[in-house]
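Heads up: the sequence lines are chains A and B, in that order. Reminder that position 252 of the first sequence reads as 252 in our numbering, one-by-one numbering, no gaps. So the mapping is simple: our numbering equals the position in the second sequence, first residue as 1, plus 281. Built from N, CA and C at the ideal position, the CB exists for glycine as well. Quick caveat: nothing in here was measured; it's all calculated off a predicted structure. Okay, structure first, notes after.
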Amino acid sequence: MTALLDRVPESLFRVVAFAVIAILMFMILFPLYFMVTTAFKFEGEIYSELTWIPREPTLSNFRDVIVNFRIPLYLRNTLIVALSTTAIVVVVSVLAAYALTRLRFPGRAAMARGVLFVYLIPGSLMLIPMYLTIVRLGLKDSYLGLIVANLSFAVPFCTWLMMGYLRSISAEMEEASLIDGCTRLMSLWYIVIPLSVPGIVTAMIFIFNGVWNEFIFALVLAQDDAHRMISVGLSNFYRSDYYMVGPMMAGSLIAMTPVVLLYILAQRYVVSGLAAGAVKG
Amino acid sequence: MSQQTLSQPLASSRAESRRRRSPFAGDVVLGWLLVAPALLIVLGMVGYPFLEAIRISFTDRMVGRGPGEWVGLDNYAYILGWPDFGEMVVRTVLITIAAVILKAVVGLILATALNQSFRGRDVLRGVFMLPWILPTYIIVLVWRWIFDGQTGLLNQILVSFGLLAENYPFLARSGSAVSLLIFVLVWKGYPFYALTFLAGMQTISSELYDAAKVDGAGRMARFFYITLPGIRQVMGVVLLLSTIWTMNSLEIPMLLTGGGPSNATEVFPLLTYHLAMQNFRLGEGAALPIMMLPIIALLVLGVASYMDKEATE
């Protein structure tokens with residue numbers, strides 16, 4: 001077997017590699033292609049037959065989700081929660097990461113290690129505890145409740161990401177500034193933060209996407225329509241007996257647009273975050 | 282390393298710094314001040330809820346019915362005594378293992394294929410990141426529609442090509458439902474494996490391969506003796522992390538099958554949700570994750586020590 005594979009000529013090996021890539025690529029693009037095309041089909045066409053290209057392209061599904069379903073409201077809710085969470089987390093995490101990587105104080109090592117543990121705690125473990133706490137705080141069905149719940153994942157994650165980033169940049173300029181009479185905070189503001197912009201951008205993208213794409217906590221913590229998040233709003237197009245495929249695909253297309261745009265604009269940062277171990281999934 | 286360079290003046294000239302104020306003297310107060318907001322969030326929103334959940338797991342608290350009564354270990358006994366419990370654990374473990382192995386195999390194959398140099402590789406890499414960046418709930422909703430027994434796309438295709446005589450309810454038969462759950466887990470997860478494996482492969486020096494070729498090592502020998510050892514570290518972290526996330530994946534089974542048909546895909550996180558949020562039995566819902574804690578803690582400890590070592594090296 002091994003010897004046989006070794007005798008395969010390089011050209012054939014490349015053909016096989018391309019075939020593998022092509023098959024996997026097809027598997028990825030297949031559902032996405034039909035999601036996009038179905039969003040532009042009339043209901044009759046969706047259920048009656050298989051068409052690769054919409055026979056009569058229509059925007060009726062988009063009009064439906066915008067006018068008849070409250071998708072704009074859900075998008076607004078999600079945007080409010082995602083932006084607030086991102087803003088809070090970036091400030092809190094950059095400060096903490098700076099202290100945990102650069103300052104010397106008792107308890108630092110233990111906390112630096114703790115960050116990783118907390119980040120690794122799976123969400124399913126925290127679901128009920130978080131629900132109980134949010135209810136007790138009276139924050140169920142509120143933006144603040146959703147923000148607070150998202151903070152609990154995003155802060156450890158972002159702190160961990162920023163610690164890794166800060167460790168990768170040299171402390172020499174900082175030390176020089178301290179010797180020249182800068183205080184710690186001045187050096188943080190004028191030297192460390194400007195140097196960490198790529199890391200901060202990466203962290204912000206991951207947090208924003210994380211909140212935007214979050215489903216389980218949005219489902220449990222915001223059950224009223226006024227605070228519903230887009231993930232829950234879209235999954236409601238599914239009833240156990242009947243579901244609206246056209247509007248659902250149109251809504252999905254709208255909901256994934258910011259994430260995809262952000263990713264295209266900042267692919268470089270996303271790849272660097274990937275290398276830093278930014279997972280969940 | 283940065284911290285050592287910073288700390289050296291402090292350590293070496295302690296006597297001197299007592300006389301002349303060291304620039305690092307304020308670190309203790311400042312350090313705690315800067316960490317305080319993050320620490321408060323973690324203690325308040327992770328630490329406290331977790332302790333509270335342990336307490337509630339000893340009560341019969343239900344949704345909207347006040348604090349509940351102390352029932353000792355009743356919730357744990359109830360879950361353990363439940364005939365389906367063992368099956369649920371086995372099911373969770375088997376689905377996790379199957380999904381993780383498949384993700385690793387497909388990811389490794391794709392990484393190897395992408396590790397060839399050819400034009401347009403960066404575009405391809407971008408496409409392969411799509412499952413990883415797209416919202417999980419959208420991916421699952423699309424697949425669910427494709428697999429649907431009435432109007433699903435897969436049925437339409439299979440029937441129109443004459444491969445199926447009539448629609449097949451893929452998600453309503455336990456065998457196919459379990460397979461399709463694993464399929465969606467793998468579809469969503471393997472690109473991350475491939476991209477991290479690829480990143481690892483690209484750090485391996487090409488000189489190693491050249492030297493091996495000179496020594497007459499074939500393609501397979503080079504793969505097993507250079508490539509695999511070269512990405513062992515990355516593979517270890519990714520496999521452990523992915524095992525944690527896969528085992529705790531709630532969104533995918535919830536939206537794809539909802540645990541059905543007849544509990545065939547009822548995995549541990551989903552059961553937690555059903556106990557607490559559908560049966561409103563918060564005590565039992567809190568107890569179940571605590572019972573799974575030893576397994577999860579072991580995995581988390583493993584991967585944390587791995588990643589910690591890597592980060593501080």
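Spatial distance of F504(B) from L103(A) (CA atoms): F504(B) and L103(A): Cα-Cα distance of roughly 44 angstroms.
Inspect the beta-carbon positions of G430(B) and A453(B) and report whether they are closer than 7 angstroms. Yes, the pair counts as a contact, with Cβ atoms nearer than the cut-off.
With H, G and I counted as helix, E and B as strand and the rest as coil, what does DSSP make of T527(B)? Helix.
Per DSSP, what kind of secondary structure is W363(B) in: helix, strand or coil? Looking at W363(B) - three-state DSSP - the assignment turns out to be coil, as it is neither helix nor strand.
Answer with yes or no whether the minimum CB distance from S84(A) to chain B is below 7 angstroms. It does not: the Cβ of S84(A) has no partner Cβ on chain B nearer than 7 angstroms.
Buried or exposed: which applies to K41(A), given that a residue is buried once 16 or more other Cβ atoms fall within 10 Å of its Cβ? That one is buried.
Selection of the segment 59 to 82 of chain A by Cβ proximity to chain B, strictly under 9 angstroms: Those would be none; no residue qualifies.
Residue range of the unbroken alpha helix (DSSP H) whose run includes A492(B): Membership of A492(B) in the alpha helix (DSSP H) is indicated by the continuous run S487 to V495.
Residues bridged to W351(B) [DSSP beta-bridge criterion]: DSSP output for W351(B) lists T340(B) as bridge partner(s).
Alpha carbon of D308(B) to alpha carbon of Y119(A), nearest angstrom: For D308(B) and Y119(A), the distance between alpha carbons rounds to 25 angstroms.
In chain order, what residues of the segment 123 to 140 of chain A put their CB closer than 9 angstroms to some CB of chain B? Of all residues in the segment 123 to 140 of chain A, those with a C-beta nearer than 9 angstroms to a C-beta of chain B are G123, S124, L125, M126, L127, I128, P129, M130, Y131, L132, T133, I134, V135 and R136, reading in chain order.
Residue nearest to Y418(B) in terms of C-alpha spacing, selected from F34(A), S231(A), S196(A) and V20(A): For Y418(B), the closest alpha carbon among the candidates F34(A), S231(A), S196(A) and V20(A) is that of S231(A).
Just checking: is the beta-carbon of L221(A) within a distance shorter than 7 angstroms of some beta-carbon in chain B? Between L221(A) and chain B, the shortest Cβ-Cβ separation is not below 7 angstroms.
If distances are taken between C-alpha atoms only, which option among D365(B), G541(B) and M558(B) comes closest to S457(B)? Comparing Cα positions, the closest option is G541(B).
Residue closest to F255(A), alpha-carbon to alpha-carbon, out of F215(A), R268(A) and V270(A): The question names Phe, but residue 255(A) is Ala in the sequence shown. The residue from F215(A), R268(A) and V270(A) with its alpha-carbon nearest to that of A255(A) is F215(A).
Beta-ladder partner(s) of Y243(A), from DSSP: Under DSSP, Y243(A) takes part in a beta bridge, and its partners are Y238(A).
Rounded to whole angstroms, what is the Cα-Cα separation between V459(B) and T86(A)? V459(B) and T86(A) have their alpha carbons spaced roughly 37 angstroms apart.
Counting only beta-carbon atoms, is G540(B) nearer than 7 angstroms to chain A? Interface criterion not met: the Cβ of G540(B) is under 7 angstroms from no Cβ in chain A.
Check whether R167(A) and T101(A) have beta carbons under 7 angstroms apart: Going by C-beta atoms, R167(A) is nearer than 7 angstroms to T101(A).
S11(A) to Y165(A) span [Cα, whole Å]: Their backbone Cα atoms lie some 41 angstroms apart in a straight line.
I want to verify the contact list: residues of chain A whose CB lies under 7 angstroms from the CB of F366(B), in sequence order. Residues of chain A whose Cβ lies closer than 7 angstroms to the Cβ of F366(B) do not exist; the shortest such Cβ separation is about 17 angstroms.
Residues of the segment 343 to 363 of chain B whose Cβ lies closer than 8 angstroms to any Cβ of chain A, in chain order: Within the segment 343 to 363 of chain B, no residue has a Cβ that lies closer than 8 angstroms to any Cβ of chain A.
Beta-carbon separation of W426(B) and V36(A) under 7 angstroms? In this structure, W426(B) sits away from V36(A), with a CB-CB distance that is not shorter than 7 angstroms.
Measuring alpha carbon to alpha carbon, tell me which residue in G497(B), I571(B), L415(B) and I420(B) is nearest L262(A). It is L415(B) whose Cα lies nearest to the Cα of L262(A).
Below 6 angstroms CB to CB, which residues in the same chain sit around I525(B) once its five sequence neighbours on both sides are set aside? Result list for I525(B): L580, in chain order.
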